[in-house]
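Below is one structure, written out as structure tokens, with a few remarks after it.
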DNA sequence: ATCCCTTTGTGAACCAATGCACAAAGTCGC
DNA sequence: GCGACTTTGTGCATTGGTTCACAAAGGGAT
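Residue numbers (this note's numbering), protein chains in the order written: chain A, 34 to 258; chain B, 34 to 258.
As structure tokens, then:
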């Protein structure tokens, strides 16, 4: 009934999707070191998860392993890349060229995964015209033209909080449906638009919470400080 | 026989902890706008979650609302801050002063939440001695001395991938147990050490996955997500 | 070819998180 | 002071995710 490497279940759990890039990274490292084949145990170790989870995750994509042997590194890289949509080239625009935007523009991790920074935009006339990471910074007025003209399908928001919603609305109006938001605001968007957010200070706050627990222990008196 | 603001259950779910900073941000915004009292419905809206979830989250901290009225903004800010450990001052060291480290050093969101960047460290003699965000960049050799001497309890790793594990080992050796890692590697750490990681390219890959689906992946009947 | 050894893929049990729906608790107008 | 109204806090059902543990599948040795 079922041919071997089959279309699988089209609904991949969100938690699994979030880990696939992790596996991919581990696999790339192995490929570089010339490892041809890897067991779920070893790959899981390299990705920092346990092996049962890894196997279940991969099983959602299909049956790409060989029992008694493991997974072929190159083949698995290809399958995961395809599933994540990394076999195509994605044009990304970065809006907001402050410290963070600059860092993102220079970040090597994008290019190496099929993402191409196609435009940098900013509202500040002071930075418009600068060249960053080989790209000319354009004025935010060009936003719509740039997105449409260069086939941008993912927008990264690295603007100040106050500007984020407005830019967000504009990019959605021209058809963008995937946004990565670094501004510390909750964006309101219509159904069908995906927003992922990264808030650097939130991560620190979570660490502080756990750190406090460790330091304070079971019955820590309320310390006024 | 329960006094009103009770010690609550000491085990707060991880998912709840991750959302508290979100609520806090929304509350700060409201406090600034002079709002004295807020309902779970409104606060949930501002934080981008539904109200049942918000109420359940807050109920883990204690009973800080008033039925029929809502939550007092200032009071709730204080309670959440205290729970997260933000009423104390946390000294943070940033290791690696590339584009990202620089962006982090300048990021306002840290300071405003009780985090103080106490040191910037780098291995590159080219940047050691520079002043960034008012701080002198010190040589990585000073790592142990700086951590011990300035009471650093949280370390942010913004080094190249290849250097991260080594720095990580060193900071753990001097007693640091909370690490925020931006390097694209899985750090191996002993029990009792918390590592949170942020990988910018992973977020983009997750977006690409969903974008591909929307765009009409390989053979897909529209399932509307 | 057959047996043994390794490792995958997955059913089933477990655990965590979400969302619903409502009783309990409080406020406010009269 | 009382009743109507609002909004919290939570028990319960549900959904989603993780882990266990093992049968099935393949490779390699003899």
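All C-beta atoms, glycine included, are put in the ideal place defined by N, C-alpha and C. In this text the structure is predicted, and so the values were computed from the model without any measurement.
Considering only A:152, A:162, A:230, A:244, the residue with the shortest C-alpha distance to residue 194 (chain A) is A:230. Residue 125 (chain B) counts as buried, since no fewer than 16 other beta carbons sit within 10 angstroms of its beta carbon. Three or more Cβ pairs drawn from the stretch 231-245 of chain B and the stretch 51-62 of chain A lie within less than 8 Å of each other, which places the two stretches in contact.
Under the three-state reduction of DSSP output, residue 98 (chain B) falls in the strand class. Proximity of chain A to residue 140 (chain B) at the Cβ level (cut-off 9 Å) is accounted for by 132, 133, 233, 234, in chain order.
Residue pairing by DSSP places residue 148 (chain A) opposite A:123 in a beta bridge. Residues of chain A with a Cβ closer than 7 Å to the Cβ of residue 247 (chain B) are, in chain order, 210.
Counting only runs of 4 or more residues that sit fully inside the stretch 129-200 of chain B, the alpha helix (DSSP H) segments are 132-139, 141-144, 176-183, in chain order. Proximity of the stretch 109-127 of chain B to the stretch 89-98 of chain B meets the contact definition, three or more beta-carbon pairs being nearer than 8 Å. Distance from the Cα of residue 220 (chain B) is smallest, within the candidate group A:78, A:74, A:63, for A:78. Put simply, of A:165, A:186, A:71, A:152 the residue whose alpha carbon is nearest the alpha carbon of residue 173 (chain A) is A:152. Contacts with chain B at 8 Å (Cβ-Cβ) include residue 81 (chain A). Looking at the DSSP output, residue 70 (chain B) sits in a beta bridge with B:105. Sequence-distant Cβ neighbours of residue 198 (chain A) in its own chain, meaning closer than 8 Å and more than five residues away, are 218, 220, 221. Residue 190 (chain A) and residue 171 (chain A) do not touch by the CB rule: their CB atoms are close to 16 Å apart, not below 8 Å. Taking 8 Å as the cut-off, the Cβ atoms of residue 119 (chain B) and residue 241 (chain A) count as close. Sixteen is the threshold: since fewer than 16 other Cβ atoms of the shown chains lie within 10 Å of the Cβ of residue 164 (chain A), the residue is exposed. Here residue 85 (chain A) is exposed: its Cβ has fewer than 16 other Cβ atoms, across all protein chains shown, within 10 Å. Taking residue 166 (chain B) as the centre and dropping the five residues before and after it, the same chain places the C-beta of 138, 139 closer than 6 Å to its C-beta, in chain order. In this chain, the beta strand (DSSP E) harbouring residue 213 (chain A) covers 211-214. At a cut-off of 8 Å between beta-carbon atoms, residue 207 (chain A) makes no contact with chain B. Nearest in C-alpha terms to residue 224 (chain A), of all of A:209, A:59, A:104, is A:209.
At a Cβ-Cβ threshold of 8 Å, residue 49 (chain B) and residue 103 (chain B) do not count as neighbours. Within the stretch 84-113 of chain A, no residue has its Cβ closer than 9 Å to any Cβ of chain B. Comparing alpha carbon positions, the residue from B:59, B:46, B:232 closest to residue 89 (chain B) is B:46. Non-local beta-carbon contacts of residue 185 (chain A) in its own chain, meaning distances under 8 Å to residues more than five positions away in sequence, involve 124, 125, 126, 151, 152, 179, 209 in chain order.
A Cβ-Cβ separation of about 5 Å places residue 177 (chain B) in contact with residue 207 (chain B) under the 8 Å criterion. Residue 214 (chain B) and residue 135 (chain B) have their alpha carbons spaced roughly 15 Å apart.
The alpha-carbon of residue 92 (chain B) is positioned some 18 Å away from that of residue 81 (chain B). In the three-state DSSP reduction, residue 75 (chain A) falls in the helix class (H, G or I). Shown here for residue 75 (chain B): same chain residues with a beta carbon closer than 8 Å to its own, the five before and five after excluded, namely 103 in chain order.
Against chain B, the CB of residue 75 (chain A) has no partner CB under 8 Å away; the residue lies outside that interface. The alpha carbon of residue 141 (chain B) has as its nearest neighbour, out of A:142, A:146, A:144, A:131, the alpha carbon of A:131. In this structure residue 128 (chain B) is not in contact with residue 226 (chain B), their Cβ atoms being roughly 15 Å apart against a cut-off of 8 Å.
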